[in-house]
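Numbered per the numbering used here, the sequence shown spans residues 14 to 119.
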Amino acid sequence: MTAAPSAMPEGHDGIRIVVGRDEPPALVFHADAAPGALVSWAWSQLSTLDTLLDAVDRGHDSPVVAPNVAGAVRAVIGPVMAALAFSEQQAHARRGGRARARGSSR
């Protein structure tokens, strides 16, 4: 694997990960953040994950490294999946709203 380029199509400054003591990581984002910003943020997280996996692939066979890597991967994957699911829901909601608007103007 090779690390993905660092340039992203949109900024993602309005997106943060909040970690509670007994809860999984959650996304918090500015209400005006564009759906593209969520995808861009998810891409950035996956790029980080790719870099991490590259490091592991280079031969770290320590019994301490494997659990740490698994934890790091899980910490990245959960919020990324949540961001992509939210972005998809927003896209469907917007498409549905446009379809209803076209239907009522006929």
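Virtual Cβ for every residue (Gly too), placed ideally from N, Cα, C.
Residue i: buried (16+ other C-beta within 10 angstroms of its C-beta) or exposed?
i	result
Ala96	buried
Ala55	buried
Gln58	buried
Ala50	buried
If I measure Cβ to Cβ from residue i and keep anything under 7 Å in the same chain, skipping five residues before and after, which residues do I get?
i	result
Ala85	Leu65
Val93	Ala55, Gln58 and Leu59
Asp45	none
Leaving aside the five residues before and after residue i along the sequence, list all residues of the same chain whose C-beta is less than 6 Å from its C-beta, in chain order.
i	result
Val82	Val69
Report the three-state DSSP secondary structure of residue i (helix, strand or coil).
i	result
Asp67	helix
His105	helix
Gly49	helix
Among the residues of its own chain, which have a CB less than 8 Å from the CB of residue i, if the five just before and after it don't count?
i	result
Thr61	Val89
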